[in-house]
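Engineer: According to our numbering, the sequence shown holds residues 109 to 393 in order. Ideal placement from N, C-alpha and C gives every residue a C-beta, glycine not left out. Please find one structure pasted underneath; my questions will follow.
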Amino acid sequence: SDPSQQPVGVLPNANGSLKFAVIGDMGVGDRAQYEVAQQMDTQRQNFDFKTVLMVGDNLYGPERPADYSRKFEMPYAALLKGGVKFYASLGNHDEREQRLYRHFNMGGENYYTVKAPNQDVRFFFLESTYPDETQAKWIDDELGKSREKWKIVVFHHPPYSSGGRHGSNIPIRRAWEPLFVKHNVSVAFTGHEHFYERIKPQQGILYFITGAAGKLAPGDIREGSALTASGYDRDQSFMLVEIKDDVMFFQSVSRTGQVVDSGTFTRRFAADEKTGTGVPAAAAR
């Protein structure tokens, strides 16, 4: 069914659910980045998220202390002051020294994992610029150890993309997707492309591209791409996400506060897990 024909999805904003935002390709320090950040804070007044996932390209150009200030601390000052925690993954424009920056909460590692407090959700932040064997083994091991019902991966280069400039990153798809499938990953948040795209579920996994929280590539989504469930490349954007039990609710919100995509997605169930109804879990609609 055509997402544009459906009513705009409303986030449940439920008590006790996990609420977070997702941004990418934002660290330019220009007016658009500041306006997106302001819109995030506006949305937070109603949808009180305490976590922001960063899919990389956190800082463009120089990375001096003044740049951390102008491209991160100043635009997101209201969020930081409100106790919101940011978790970064590294993009191809990011120096590895970022792992030591306290506001990126990387624990000094190039890739790392974080369990959401009081939630059956675990995030895995990966470094897709250097997808070597060591990292692949770490991903395999860490995903394998995770007992959480929701496993969500966060990294920069999209395995699937309808972008005219870059497109799908086949090496990452070949190296990592079998591990995601094997270990029951439900959702991937990626960036690198300076637009928003929701990919039709691949092997049961829902892939998002949300790389337009600062940079923008207007008109870069290829028309008629078979991969696209929904896309938006006319303005900057970010995502708001809520997880309640087995269902994820999501929105993509433009710089001006327009909801440009929304929907729900039921997590993947492990082979040895009963859904309780005997019917397979539904995909994104």
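#1: Alpha carbon to alpha carbon, what distance is there between leucine 167 and arginine 207?
#2: If we ignore side chains and look at the alpha-carbon of each, how far apart do leucine 335 and tyrosine 315 end up?
#3: Apart from the five residues on each side of it in sequence, which residues of its chain come closer than 6 angstroms, Cβ to Cβ, to serine 109?
#4: Quick check: proline 183 and glutamine 141, are their CB atoms within less than 8 angstroms of each other?
#5: Output needed for valine 261: all residues of its chain with C-beta closer than 7 angstroms, excluding positions within five of it in sequence on either side, in chain order.
#6: When the Cβ atoms of the stretch 320 to 328 are set against those of the stretch 197 to 207, are three or more pairs found closer than 8 angstroms?
#7: Starting from valine 293 and walking both ways along the beta strand (DSSP E), at which residues does that stretch end?
#8: Give the DSSP-derived three-state secondary structure of aspartate 369 in the structure shown.
#9: On a CA-only basis, which of Gly191, Glu203 and Pro279 is nearest valine 160? Give me that one, please.
#10: Spell out a yes or no on whether the stretch 238 to 253 and the stretch 142 to 156 are touching, meaning 3 or more CB-CB pairs, one atom from each, closer than 8 angstroms.
#11: For threonine 242, write down the residues that DSSP places opposite it in a beta bridge.
#12: Starting from the C-beta of serine 333, find all residues in its chain whose C-beta is less than 6 angstroms away, skip the five residues before and the five after it, and write them out in chain order.
Structural biologist: Per the coordinate set shown:
#1: By one-based count along the sequence shown, residue 207 stands at place 99. By one-based count along the sequence shown, residue 167 stands at place 59. Near 12 angstroms, if we compare the C-alpha coordinates of leucine 167 and arginine 207.
#2: By 1-based counting over the sequence shown, the position of residue 335 is 227. By 1-based counting over the sequence shown, the position of residue 315 is 207. Each residue's Cα considered, the two are about 10 angstroms apart.
#3: For the purposes of this step, residue 109 is taken as the residue at position 1 of the sequence shown. Per-residue confidence for serine 109 stands at a pLDDT of 38, beneath the threshold of 50, marking its modelled position as unreliable; the derived number appears in the next sentence. Cβ neighbours of serine 109 beyond the five flanking positions: none.
#4: To locate residue 183, count along the sequence shown from 1; it is residue 75. To locate residue 141, count along the sequence shown from 1; it is residue 33. For proline 183 and glutamine 141, yes; Cβs fall inside 8 angstroms.
#5: Counting from one through the sequence shown, the residue named residue 261 turns up at place 153. Only Phe232, Leu234, Phe288, Val293 and Ala296 meet the Cβ criterion.
#6: no
#7: As a working note, residue 293 is residue 185 in the sequence shown. Here valine 293 belongs to no beta strand (DSSP E), and DSSP marks it neither H nor E.
#8: On the sequence shown, position 261 is the one that residue 369 refers to. If DSSP states are grouped into helix, strand and coil, aspartate 369 belongs with the strands.
#9: In the sequence shown, the residue the question calls residue 160 occupies position 52. Here the closest residue by C-alpha is Gly191.
#10: no
#11: For this step, residue 242 is matched to residue 134 along the sequence shown. According to DSSP, which records beta bridges pairwise, threonine 242 is partnered with nothing at all.
#12: Your numbering for residue 333 matches position 225 in the sequence shown. If we look at serine 333 and ignore the five residues flanking it on each side, its Cβ neighbours are Ser270.
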